[in-house]
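So the structure is just underneath, and the comments pick up after that.
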Ligand SMILES: [Fe+2]
Ligand SMILES: [Fe+2]
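See below:
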């Protein structure tokens, strides 16, 4: 496996191929997520493999500019078409991004692949590295909304509480109060959500 530094260059070339106008912003976001990830690891002395976490951070949005048709094809190949169709195409770069990374970069480390997979929706299956990426993706310094500022503040003090806050904001945002989301929120929050 290459280093996180090397993957930064690979990511940029991947983005360039897409011809999308938004690649600079997305590339800077990816670098910022890697910085946020390092800050979280240091602040809370999190026992994760730092290099793996950084690789996941750099590559978490690797599939961002992939065509929906290709992502759907991957979903079909892996038998997860029904599952991913519950979510909008905007989320597919995460839920299927790990397949793209496996195929194009030959990465097979489950810690990295899971962190990429769950970075948007979160999951009850997240390990510590996936949790770091899930939170870092929301509080990186390219995001400027008030909602993000609140979660960023929480992330200075309480790692799990900040994760719960991101989950809650997304539930409100997407108007998604499914049992799965509530269970996910309750896993991280001290105050349980009553449905
Ligand atoms: Fe993403
Ligand atoms: Fe992202």
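Residue numbers (the working numbering): 7 to 201.
No residue lacks a Cβ here, since even glycine has one placed at the ideal position from N, Cα and C.
Check	Outcome
Residue 156 in three-state terms, based on DSSP	helix
Start-end ranges of the beta strand (DSSP E) lying completely within the segment 156 to 191, minimum 3 residues	none
With 16 other Cβ atoms within 10 Å as the buried cut-off, status of residue 39	buried
Assigned secondary structure, residue 24 (DSSP; H/G/I helix, E/B strand, else coil)	helix
Nearest-residue set for ligand 1, Cβ under 7 Å from any heavy atom	66, 67, 70, 99, 100, 125, 126 and 143
Stretch pair the segment 29 to 43 + the segment 84 to 98: three plus CB contacts closer than 8 Å	no
Closest Cα partner of residue 128 within the set 193, 12, 46 and 48	193
Residue 99 classed as buried or exposed, judged by whether at least 16 other C-beta atoms fall within 10 angstroms	buried
Inter-stretch contact at 8 Å, needing at least 3 Cβ pairs: the segment 131 to 141 / the segment 72 to 82	no
For residue 98, three-class secondary structure by DSSP	helix
Exposure label - residue 25; buried when at least 16 CB within 10 Å	exposed
Distance CB(residue 167)-CB(residue 153) smaller than 7 Å	no
Distance, residue 191 Cα to residue 200 Cα	11 Å
Whole-number beta carbon distance between residue 35 and residue 121, since they are thought to touch under 8 Å	Between residue 35 and residue 121 the Cβ distance is about 16 Å, and since that is not below 8 Å, they are no contact.
Residue 157 and residue 173 closer than 7 Å at C-beta	no
For residue 33, the three-state DSSP class (helix, strand or coil)	helix
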